[in-house]
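Engineer: In my numbering, the protein residues as written are 2 to 318.
(1) Keeping to the same chain, check which residues put their C-beta closer than 7 Å to that of residue 291; ignore five residues upstream and five downstream.
(2) According to the neighbour-count rule (16 or more other Cβ atoms, all chains shown, within 10 Å of its Cβ), is residue 253 buried or exposed?
(3) With burial defined as no fewer than 16 other Cβ atoms inside 10 Å of the residue's Cβ, what is the status of residue 231: buried or exposed?
(4) Rounded to whole angstroms, what's the CA-CA distance from residue 321 to residue 83? Just pull it up for me.
(5) To the nearest angstrom, how far is it from the Cα of residue 233 to the Cα of residue 132?
(6) Please list the terminal residues of the continuous beta strand (DSSP E) segment that includes residue 187.
(7) Could you tell me which of 183, 86, 159, 112 sits nearest to residue 28, measuring between CA atoms?
(8) So, at 6 Å on beta carbons, what are the nonlocal neighbours of residue 5 in its own chain, with the 5 sequence-adjacent residues on each side left out?
(9) What whole-angstrom Cβ distance do residue 224 and residue 64 have, given they're in contact under 8 Å?
(10) What separation, rounded to the nearest whole angstrom, lies between the Cα atoms of residue 325 and residue 79?
(11) Would you kindly report the start and end of the unbroken alpha helix (DSSP H) that includes residue 243?
(12) Consult DSSP for residue 228 and reduce its assignment to one of helix, strand or coil.
(13) Give the range of the beta strand (DSSP E) segment to which residue 233 is assigned.
(14) According to the Cβ coordinates, are residue 286 and residue 239 closer than 7 Å?
(15) Which of the three DSSP states, helix, strand or coil, is assigned to residue 216?
(16) Assuming residue 94 is part of the alpha helix (DSSP H), what are its boundary residues?
(17) Note down the Cα distance separating residue 191 from residue 101, rounded to an integer number of angstroms.
(18) Assuming the contact rule is C-beta atoms closer than 8 Å, residue 186 and residue 206 should be a hit. Round their C-beta distance to whole Å, please.
(19) So is residue 219 buried or exposed if we call it buried at 16+ other beta carbons inside 10 Å?
(20) Quick one: Cα of residue 70 to Cα of residue 37, how far?
(21) Measure the alpha-carbon distance for residue 281 versus residue 92 and round it to whole angstroms.
(22) I'd like the list of long-range same chain contacts for residue 251, defined as Cβ closer than 6 Å, with 5 residues on each side in sequence excluded.
(23) From what residue to what residue does the alpha helix (DSSP H) around residue 76 run?
(24) Considering only DSSP beta bridges, list what residue 123 is partnered with.
(25) Report the partner residues of residue 33 according to the DSSP bridge assignment.
(26) Between residue 42 and the rest of its own chain, which residues show a CB-CB distance below 7 Å, the 5 nearest in sequence each way excluded?
(27) Taking the beta carbon of residue 265 as the centre, do at least 16 other beta carbons fall within 10 Å, making it buried, or is it exposed?
(28) Between the alpha carbons of residue 222 and residue 304, how many angstroms are there, rounded?
(29) Could you give the distance in angstroms between the alpha-carbon of residue 193 and the alpha-carbon of residue 153?
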């Protein structure tokens, strides 16, 4: 899945220390070819829900699709549906259908299968580079750089050291601390746990893959971004409701991405997330991944099932 086209060097951020290859490349997104357009993927990290991480499935499906196109085309969009719960105990088979190979655009359909049934379906569209005078984008939010922000792990540890932390938050934070996630995160506006009642359905954080990926493979950076894009995404819709609801069930229904400009997923990018609507036991979230130089790299959207139970008040009045 190599390519001579490299992401823009202006993204900045520098390489992570050392030259350790990112586990996202060497393990998570390293599919085993079984036959033409048939691949097997294994699991690196399983959430505490014991369901497969949706970002892993999206990323692996995009890897499979990218292996069936020529080196001179690159993904510009993908649209996915999660149709069954994934089983973390067995690998996932990815079946690629070469739906169309055109002069400018090519479409690939990918089906992820476990126990003989599809758990996920995806269509990805690839395009040859075509310059155009028609260009515009939003402006990147003005936020502190990642070097000025606390590591996610340090922030969680700081919360856990607070003697006044409510037990319901302590349990959740201990689960987060136990995760071995192959991405680094720095929250732009870390929440104050005593002020969660006033949270808007918006969040921003800097994110990058752990380890080194390098400049050369544009397609792999897109696959890593697909993995990253699902992390904490749907949770944006819960931010105004944490204080009054317990989450009973939350899973992604669909996931879409649009790739606008080259980027390096092992350099810091700003993930701007917001939820414009929630209702009917569903939540809608939208996101934008920004390069450090202000270039919009990726846009995302997702809808998911969110079933909650009202938290019983401890007041005796």
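C-beta atoms are modelled at their ideal positions from N, C-alpha and C, and glycine is treated no differently.
Structural biologist: Once the coordinates are examined:
(1) The count along the chain shown starts at 1 and reaches residue 291 at position 290. These residues qualify, in order along the chain: 141, 270, 271, 273, 297, 298.
(2) Along the chain shown, one-based indexing puts residue 253 at 252. The residue in question, residue 253, is buried, as its Cβ has 16 or more Cβ neighbours within 10 Å.
(3) Sequence index remark: in the chain shown, residue 231 carries index 230 (1-based). Residue 231 is buried by the Cβ-count criterion.
(4) Because the chain here runs from 2 to 318, residue 321 falls outside it and cannot be looked at.
(5) Against the chain shown, residue 233 aligns to sequence position 232. Against the chain shown, residue 132 aligns to sequence position 131. The straight-line gap from Cα to Cα measures roughly 34 Å.
(6) Position 186 of the chain shown, counting from 1, holds the residue named residue 187. Looking at the DSSP string, the run of the beta strand (DSSP E) that includes residue 187 is 184 to 188.
(7) As a working note, residue 28 is residue 27 in the chain shown. The shortest CA-to-CA distance from residue 28 to any of 183, 86, 159, 112 is the one to 183.
(8) Mapped onto the chain shown, residue 5 falls at position 4. With a pLDDT of 40 at residue 5, under the threshold of 50, the modelled position of that residue is not reliable, and no figure is offered here.
(9) One-based indexing of the chain shown puts residue 224 at position 223. One-based indexing of the chain shown puts residue 64 at position 63. A Cβ-Cβ separation of about 5 Å places residue 224 in contact with residue 64 under the 8 Å criterion.
(10) Given a span of 2 to 318 for the chain in the structure shown, any question on residue 325 remains unanswerable.
(11) Position 242 of the chain shown, counted from the first residue, corresponds to residue 243. According to the DSSP assignment, residue 243 belongs to no alpha helix (DSSP H), since it is labelled neither H nor E.
(12) Residue 228 sits at position 227 when you count from the first residue of the chain shown. In the three-state DSSP reduction, residue 228 falls in the helix class (H, G or I).
(13) The sequence position of residue 233 within the chain shown is 232, counting from 1. It is not in any beta strand (DSSP E) - residue 233 carries neither H nor E in the DSSP assignment.
(14) On the chain shown, position 285 is the one that residue 286 refers to. On the chain shown, position 238 is the one that residue 239 refers to. In this structure, residue 286 lies away from residue 239, with their beta-carbon atoms at least 7 Å apart.
(15) Here the question's residue 216 lines up with position 215 in the chain shown. DSSP places residue 216 outside both helix and strand once states are collapsed to three, so it counts as coil.
(16) Position 93 of the chain shown, counting from 1, holds the residue named residue 94. No alpha helix (DSSP H) holds residue 94; the beta strand (DSSP E) holding it covers 93 to 102.
(17) Along the chain shown, read from residue 1 onward, the residue named residue 191 stands at position 190. Along the chain shown, read from residue 1 onward, the residue named residue 101 stands at position 100. For residue 191 and residue 101, the distance between alpha carbons rounds to 45 Å.
(18) For the purposes of this step, residue 186 is taken as residue 185 along the chain shown, with counting starting at 1. For the purposes of this step, residue 206 is taken as residue 205 along the chain shown, with counting starting at 1. Their Cβ separation, rounded to whole angstroms, is 5 Å, which keeps residue 186 and residue 206 in contact under 8 Å.
(19) The count along the chain shown starts at 1 and reaches residue 219 at position 218. Residue 219 counts as buried, since no fewer than 16 other beta carbons sit within 10 angstroms of its beta carbon.
(20) Along the chain shown, one-based indexing puts residue 70 at 69. Along the chain shown, one-based indexing puts residue 37 at 36. Distance between the alpha carbons of residue 70 and residue 37: 12 Å.
(21) Position 280 of the chain shown, counted from the start, is the residue given in the question as residue 281. Position 91 of the chain shown, counted from the start, is the residue given in the question as residue 92. Near 33 Å, if we compare the C-alpha coordinates of residue 92 and residue 281.
(22) Taking the chain shown and counting its residues from 1, one reaches residue 251 at position 250. Once the five neighbours on either side are set aside, the close Cβ partners of residue 251 are 307.
(23) For the purposes of this step, residue 76 is taken as residue 75 along the chain shown, with counting starting at 1. Membership of residue 76 in any alpha helix (DSSP H) is not indicated; the residue belongs instead to the beta strand (DSSP E) covering 74 to 83.
(24) Position 122 of the chain shown, counted from the start, is the residue given in the question as residue 123. DSSP lists 81, 111 as partners of residue 123.
(25) The count along the chain shown starts at 1 and reaches residue 33 at position 32. According to DSSP, residue pairing for residue 33 in a beta bridge involves 41.
(26) Here residue 42 is taken as the residue at index 41 of the chain shown, counted from 1. Apart from the 5 residues on each side of it in sequence, residue 42 sits with its Cβ closer than 7 Å to the Cβ of 32, 61, 92, 93, 95 in its chain, given in chain order.
(27) Sequence index remark: in the chain shown, residue 265 carries index 264 (1-based). Burial call: buried.
(28) Taking the chain shown and counting its residues from 1, the one referred to as residue 222 is at position 221. Taking the chain shown and counting its residues from 1, the one referred to as residue 304 is at position 303. Going by the C-alpha atoms only, they are around 24 Å apart.
(29) Position 192 of the chain shown, counted from the first residue, corresponds to residue 193. Position 152 of the chain shown, counted from the first residue, corresponds to residue 153. Taking the straight line joining both Cα atoms gives about 14 Å.
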